[in-house]
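Novice:
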Ligand code: AHG
Ligand code: MN
Ligand code: MN
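In this note's numbering, the protein residues as written are 1120 to 1448.
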């Protein structure tokens, strides 16, 4: 009888298929899974542990931080910086990129992370997530890392993934050879391969956009949503959780598009290129989907700032192509 693979076995298999890859990436992916199990545990018992609510602080984006935002950020920072494979970490919750200590000078990788995505859903027991992205450093190993290590195009990602803290906890990731999803069995504290080779369905019919923003968003998004309302051919449905990870995951499984458009008061939208756009875009493309901004592919954008924002349209091919048509007409 065959046994379901654990995440650890799956990562090791990947490494043996590419023997030239050093163990550092294996170690790093393992560290991410360990940190996510700790966060998952905290999320599950948040109502009991007195860690719901506002932390009384704001992050670099001037958004108020929830206690769990801070706990998740501390957990990932602590675990990733203790491993020897990471030279630097950019976190949505921290203004400056974090340069790991001397021991990490030889670390090959740079991590960009949104430690807890969907802050407005933390206190109400609705799905939230973590999004991560891994790049190879561009400065030579042994030298101090620089801004250029953090500001790399999405096409340079070595791996990207997310953890969804939902009715079950799932870790979904890609290293550029397809997308695989693992479900945490809380009884044994292990992720098992539950969703091998994930692909967007050929045709999606769900659109996810914050409807309250439609008055202030640009014409193409208004037009796209109008089309969804008027076109009866696909049985469109609107679903918006307000946690990108959860909306993206549902759309990946059932087919759909997630939209955070350009707004009259926020021309670059809200979502952050390096933490919220590039990683799911890599996953989307690996799963047969598309990810764009107002005039091009998300993965081709050269970042100029760590916390840069960008309009974002990601999901099933048919829907993102329809959006693209609205953007270019
Ligand atoms: P974060 O909690 O990391 O700040 O991200 C929240 C993001 C995203 O997850 C979500 O889809 C979006 O913000 C919701 O924004 P609106 O409330 O403006 O719709
Ligand atoms: Mn986020
Ligand atoms: Mn966040």
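Backbone N, C-alpha and C define an ideal beta-carbon position, used for all residues, glycine too. The structure displayed is predicted, hence computed values, not measured ones.
Would you tell me roughly how many angstroms separate the C-alpha atoms of residue 1235 and residue 1174, rounded to the nearest one?
Specialist: 14 Å
Novice: Is any heavy atom in ligand 2 found nearer than 7 Å to the beta carbon of residue 1371?
Specialist: no
Novice: Which of helix, strand or coil does DSSP assign to residue 1445?
Specialist: In the structure shown, residue 1445 sits in a helix (DSSP, three-state: H, G or I).
Novice: Let me confirm a value: residue 1370 is counted as buried when at least 16 other C-beta atoms fall within 10 Å, else exposed. Which label applies?
Specialist: buried
Novice: According to DSSP, is residue 1425 helix, strand or coil?
Specialist: coil
Novice: Per DSSP, what are the beta-bridge partners of residue 1336 in this structure?
Specialist: Paired residues: 1382.
Novice: Could you tell me the distance, in whole angstroms, from the CA atom of residue 1363 to the CA atom of residue 1261?
Specialist: 37 Å
Novice: Measure from the alpha carbon of residue 1172 to the alpha carbon of each residue in 1190, 1395, 1181, then state which is nearest.
Specialist: 1190
Novice: Between which two residues does the beta strand (DSSP E) holding residue 1255 run?
Specialist: 1247-1255
Novice: So is the beta-carbon of residue 1238 under 7 Å away from any non-hydrogen atom of ligand 3?
Specialist: Ligand 3 approaches residue 1238 closely enough that one of its heavy atoms is under 7 Å from the residue's Cβ.
Novice: Less than 7 Å between the CB of residue 1395 and some heavy atom of ligand 2, yes or no?
Specialist: Yes - ligand 2 has a heavy atom lying nearer than 7 Å to the Cβ of residue 1395.
Novice: Figure out for me which residue from 1409, 1283, 1317, 1337 has the closest Cα to the Cα of residue 1366.
Specialist: 1283
Novice: Let me check one thing: in DSSP terms, what residues is residue 1356 bridge-paired to?
Specialist: 1325
Novice: Say the cut is 7 Å; is the CB of residue 1233 nearer than that to a heavy atom of ligand 5?
Specialist: Only ligand 1, ligand 2 and ligand 3 can be found as ligands here, which leaves ligand 5 out of the picture.
Novice: Here's a check: name, in chain order, each residue in its chain whose Cβ is nearer than 7 Å to the Cβ of residue 1374, leaving out the five neighbours to either side.
Specialist: 1319, 1320, 1322, 1323, 1324, 1325, 1435
Novice: Quick one: what's got a C-beta closer than 7 Å to residue 1110's C-beta in the same chain, skipping five residues either side?
Specialist: Nothing about residue 1110 can be reported from this structure: the residues present for the chain run from 1120 to 1448 only.
Novice: Contact between the segment 1339-1356 and the segment 1292-1310 is defined here as three or more beta-carbon pairs at a separation below 8 Å; is this criterion met?
Specialist: no
Novice: Could you tell me whether any non-hydrogen atom of ligand 3 is closer than 7 Å to the CB of residue 1188?
Specialist: yes
Novice: Evaluate residue 1266 with the Cβ neighbour count: other Cβ atoms within 10 Å of its Cβ, from every protein chain shown; 16 or more gives buried, anything less gives exposed.
Specialist: exposed
Novice: Whole alpha helix (DSSP H) runs in the segment 1180-1231 with 4 or more residues, listed along the chain?
Specialist: 1186-1201
Novice: Apart from the five residues just before and just after residue 1126, which ones in its own chain have a Cβ nearer than 6 Å to its Cβ?
Specialist: 1152, 1301, 1310
Novice: From residue 1441 to residue 1143, what does the alpha carbon distance come to, in whole angstroms?
Specialist: 41 Å
Novice: Are the beta-carbon atoms of residue 1253 and residue 1228 separated by less than 8 Å?
Specialist: yes
Novice: Going by the CB atoms, is the gap between residue 1220 and residue 1205 shorter than 8 Å?
Specialist: Annotated as distal: residue 1205 and residue 1220, with beta-carbon spacing of 8 Å or more.
Novice: Could you pull out every residue in the same chain whose Cβ sits closer than 8 Å to the Cβ of residue 1341, ignoring the five residues on either side in sequence?
Specialist: 1333
Novice: Along the chain, where does the alpha helix (DSSP H) containing residue 1262 start, and where does it finish?
Specialist: No alpha helix (DSSP H) contains residue 1262, which DSSP labels as neither H nor E.
Novice: With respect to the alpha helix (DSSP H) encompassing residue 1363, which residues constitute its N-terminal and C-terminal limits?
Specialist: 1363-1373
Novice: Establish whether the CB of residue 1146 and some CB of chain C are separated by less than 8 Å.
Specialist: Of the protein chains in this structure there is only one, and it is not chain C.
Novice: Which same chain residues end up closer than 7 Å to residue 1275 when comparing Cβ atoms and leaving out the 5 residues on each side of it in sequence?
Specialist: 1254
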